[in-house]
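Single-structure report; data block below.
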Amino acid sequence: MYMVFGFSTLMYAMTRIPKFATGHSVPHLYLTGHSDGGTVTTALALLESTRSGVSGIAVRAAGFRKQDLEQMQCRSPIPVMIMHGAKDTLFPGWGREAAQWWAHCNSGAAPVAGPDPSGCVTYANCASAAPVLYCEGPQSHREWPGLESRIITFLLGQQAGASPPAGAI
Numbered sequence: 045m046y047m048v049f050g051f052s053t054l055m056y057a058m059t060r061i062p063k064f065a066t067g068h069s070v071p072h073l074y075l076t077g078h079s080d081g082g083t084v085t086t087a088l089a090l091l092e093s094t095r096s097g098v099s100g101i102a103v104r105a106a107g108f109r110k111q112d113l114e115q116m117q118c119r120s121p122i123p124v125m126i127m128h129g130a131k132d133t134l135f136p137g138w139g140r141e142a143a144q145w146w147a148h149c150n151s152g153a154a155p156v157a158g159p160d161p162s163g164c165v166t167y168a169n170c171a172s173a174a175p176v177l178y179c180e181g182p183q184s185h186r187e188w189p190g191l192e193s194r195i196i197t198f199l200l201g202q203q204a205g206a207s208p209p210a211g212a213i
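Using my numbering, read the sequence shown as starting at 45 and increasing by one per residue.
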């Protein structure tokens, strides 16, 4: 059974995550989440009260529609990776719409040539150190795409001088 996260979940994340990062001298706070976690992650990256602490996101099957995102203000550009399943009937097509919105906010254009072997496309001309990557696989809403290494490589690759972890794609 699918359960919608509550406002209290978002408020908990909004107060705890930035305080944790500040209290532990975390130079870059990258967030990732699936479904409700992706929705909370996206909200934390966009809401004025928390967005300054978020350095980048990687979300899958997040519950933000194009109409929801269009009500939000673009923030300073950050790296964004969005994963979505072609068979997601709960949030059909929302991932692609979200990637297009983020690309617009990051001064990007249409995706560069077709998907790579992982099903990912990069949007062209995004702001420096703020690429937008959209990965669509054959999965349903509940299935994880298996892109763990790709997520780590994408987010860590945005740090100046950072090298991807050994064995990462």
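We put the CB at the ideal spot given by N, CA and C, even for glycine. All values derive from a computational prediction rather than experimental measurement.
Where residue i sits in the DSSP three-state scheme
| i | result |
| --- | --- |
| T197 | helix |
| Q202 | coil |
| G107 | coil |
| L73 | coil |
| T83 | helix |
| G100 | strand |
| P209 | Because the pLDDT at P209 is just 37, under 50, the model does not fix this residue reliably, and the value given afterwards should be weighed accordingly. Three-state DSSP puts P209 in coil, outside helix and strand. |
| V48 | Because V48 carries a pLDDT of 49, less than 50, the predicted location of this residue cannot be relied on, and the following value inherits that uncertainty. The answer is coil: DSSP assigns V48 none of H, G, I, E or B. |
Cβ shell of residue i (< 7 angstroms), same chain only, five flanking positions each side left out
| i | result |
| --- | --- |
| S20 | Because residue 20 is not part of the residues shown, which for the chain are 45 to 213, the question remains open. |
| L191 | M127, S162, C179 |
| E187 | G129 |
| D132 | A105, S184, H185 |
| I195 | T76, A102, M125 |
| L199 | Y74, G100, A102, P123 |
Same chain, Cβ closer than 8 angstroms to residue i, five either side skipped, listed in chain order
| i | result |
| --- | --- |
| V156 | V165, T166, Y167, A168 |
| E141 | R109, K110, L113 |
| G158 | V165 |
| M115 | In the sequence as displayed, the identity of residue 115 is Gln instead of Met. The answer is none, since no qualifying residue turns up. |
Neighbourhood of residue i by C-beta distance below 6 angstroms, restricted to the same chain and skipping five residues each side
| i | result |
| --- | --- |
| I182 | Going by the sequence as given, residue 182 is Pro instead of Ile. Taken in chain order, the residues that qualify are A130. |
| P71 | none |
| P189 | M127, G181, Q183 |
| N150 | P121, C170, A171, A174, V176 |
| V124 | I101, W146, V176 |
Pair within 9 angstroms by beta-carbon distance, residue i and residue j
| i | j | result |
| --- | --- | --- |
| A106 | W138 | yes |
| I126 | A143 | yes |
| H128 | E92 | no |
| G100 | L88 | no |
| L90 | Q117 | yes |
| L134 | H78 | no |
| R119 | R104 | no |
Considering only residues of the segment 122-185, which uninterrupted beta strand (DSSP E) runs meet the minimum length of 3 residues and lie entirely inside it, listed in chain order? You should have 124-131, 164-166, 176-184.
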